Amino acid sequence: MKATNIIFFFITFVHLSSENCNIIMCNLKGKSLKQSRLTSADIDTTVCPYLTISFAEFDNDALVVDKQVSETFPWMWVAKAKNPNFKLVLCFYNAVGVEEFYDMYRTPEKRLKFIPLLVTYLRNNKFDGVQVELAVGYGLWSPLRYNIDRWADFMEDIQKAFTEEAKSSGKPKLLLFGHIDSRKEDYDPLYHVPRIYKYSDFVIVDAWPYYPLRIGPKYNISITNTHHTRIYSEHQGDFSNIDYNVKTILRKGGIKEKTVISLYLMAEFYRRVFGLGFPRYDWVKYDNYGAVGAIMSQGGNVTRVFDNCPIFMSDRTVIYYDDEISLTEKLLLSYSTMILQNRST
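1469 is the number that my numbering gives to position 187 of the sequence shown; each next residue is one higher, with no gaps.
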């Protein structure tokens, strides 16, 4: 498998207790396609039957899709023709600060004007559903921008439109994938969990953004007990792990049969900053696993946090990543809890 595949794909196993089957879901960032040199030959639609394409945005009262994204559609249509079970999902996402977007979903008349445009675009481009994702950031917390109930209303209106369109057209209903950021500081104030689950066919839960911008003794953050996709809590009060946050979301009204755990297959790079006092490491970038392999080939050591998440350390660099051992642990967690889980190809 190409190392670049890991940059643009996450694979998620969804346990559906009612059907006793697994669904694998992948994500493709169309804007990065040329850089990765991926083609349709790199996607096995029998192994990865659900493909989410990112991103579509809201601008000038319309759905806007970048040309680099729409250029991926034709060969996706070919794959869909060859495999009728292959499902395409469009990711609808807006960055923090897009005032027009906030105004649209908070205003009933404006969102009800937009949703039919979304339905038409999905049907015209042979999509089977949409993932609706709320950008998380400090600007989002302003009450002038965000309202937890209006966001749930937006999801409700989309689901109603999908249901009504399916009845009138006789076509299979478009699928609605909700989205929840799994960090405690975000899902508590930003998501009406019961309503998001009620109106979504599936809900994608990010199970990866558990990393600080600085680590090391100076910040009382252990290098060897930190990882952006840790499975379990290190101690009571440790919220930066998959197990705690997924279970908390379920207790708040989430439904395990609808839950999709999204694993972030990118490595987090930190670089040591030299100076007086305790050593510290600053976050530098996230990168693909090809870059990890190149740096590791120059020499260093690999250690693991207690749930087998690997950490590479050299004189100046700390890299948190996943490998076949840590991904196997995550898959075992999914089977033990009957919740879907991700792994790499």
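We put the beta carbon where it would ideally sit given N, CA and C, even for glycine.
This structure is a prediction, so every number in the text was calculated from the model and none was measured.
Looking at the strands, I want to know which residues DSSP matches up with residue i.
{"i": "Tyr1568", "result": "Glu1550"}
{"i": "Ala1434", "result": "In DSSP, Ala1434 forms no bridge with anything."}
{"i": "Tyr1563", "result": "Ile1497, Arg1554"}
{"i": "Leu1416", "result": "Asn1376"}
{"i": "Asn1583", "result": "Met1595"}
{"i": "Asp1605", "result": "Paired residues: none, contrary to the question."}
{"i": "Ile1486", "result": "His1461, Val1542"}
{"i": "Val1600", "result": "Tyr1552, Met1595"}
{"i": "Asn1309", "result": "Thr1334"}
{"i": "Val1329", "result": "According to DSSP, which records beta bridges pairwise, Val1329 is partnered with nothing at all."}
{"i": "Val1371", "result": "Thr1334, Gly1411"}
Does the separation of the CB atoms of residue i and residue j fall below 8 Å?
{"i": "Phe1383", "j": "Val1414", "result": "no"}
{"i": "Thr1506", "j": "Thr1585", "result": "yes"}
{"i": "Val1475", "j": "Gly1536", "result": "yes"}
{"i": "Tyr1546", "j": "His1509", "result": "no"}
{"i": "Phe1355", "j": "Pro1331", "result": "no"}
{"i": "Val1574", "j": "Arg1553", "result": "no"}
{"i": "Ile1462", "j": "Val1485", "result": "yes"}
{"i": "Gly1581", "j": "Phe1594", "result": "no"}
{"i": "Ser1608", "j": "Pro1592", "result": "yes"}
{"i": "Val1412", "j": "Val1371", "result": "yes"}
{"i": "Gly1498", "j": "Tyr1568", "result": "no"}
{"i": "Thr1327", "j": "Asn1365", "result": "yes"}
{"i": "Leu1456", "j": "Asp1410", "result": "yes"}
{"i": "Phe1337", "j": "Val1380", "result": "no"}
{"i": "Ile1440", "j": "Val1487", "result": "no"}
{"i": "Trp1357", "j": "Lys1408", "result": "no"}
{"i": "Arg1405", "j": "Ala1434", "result": "no"}
{"i": "Ile1601", "j": "Glu1550", "result": "yes"}
{"i": "Tyr1387", "j": "Phe1459", "result": "no"}
Quick one: grab the DSSP three-state call for residue i.
{"i": "Asn1507", "result": "coil"}
{"i": "Leu1456", "result": "coil"}
{"i": "Gly1575", "result": "helix"}
{"i": "Phe1396", "result": "helix"}
{"i": "Ser1522", "result": "coil"}
{"i": "Tyr1429", "result": "Checking the sequence shown, residue 1429 turns out to be Asn, not Tyr. If DSSP states are grouped into helix, strand and coil, Asn1429 belongs with coil."}
{"i": "Asp1470", "result": "helix"}
{"i": "Phe1588", "result": "coil"}
{"i": "Arg1512", "result": "coil"}
{"i": "Ile1537", "result": "coil"}
{"i": "Asp1402", "result": "In the sequence under discussion, the amino acid at residue 1402 is Thr, which differs from the Asp named in the question. It is helical."}
{"i": "Thr1389", "result": "coil"}
{"i": "Cys1303", "result": "Residue confidence for Cys1303 is low, a pLDDT of 42 falling below 50, so the modelled location carries little weight and cannot support an answer."}
Distance cutoff 8 Å, beta carbons only. Does residue i sit that close to anything in chain D?
{"i": "Met1386", "result": "Note that chain D does not occur in the displayed structure, where there is just one protein chain."}
Verify the contact flag: residue i, CB atom, against every heavy atom of the ligand SAH, threshold strictly below 7 Å.
{"i": "Tyr1526", "result": "Within the structure as shown, the ligand SAH is missing, as the structure has no ligands at all."}
Segment contact, 8 Å Cβ cut-off, at least three pairs: the region 1394–1413 with the region 1443–1450: Contact holds between the region 1394–1413 and the region 1443–1450, because three or more Cβ pairs, one in each stretch, are under 8 Å apart.
Ranges of the alpha helix (DSSP H) found wholly within the region 1333–1365, counting only runs of at least 4: Listed in chain order, the alpha helix (DSSP H) runs fully inside the region 1333–1365 are 1349–1352, 1355–1364, counting runs of at least 4 residues.
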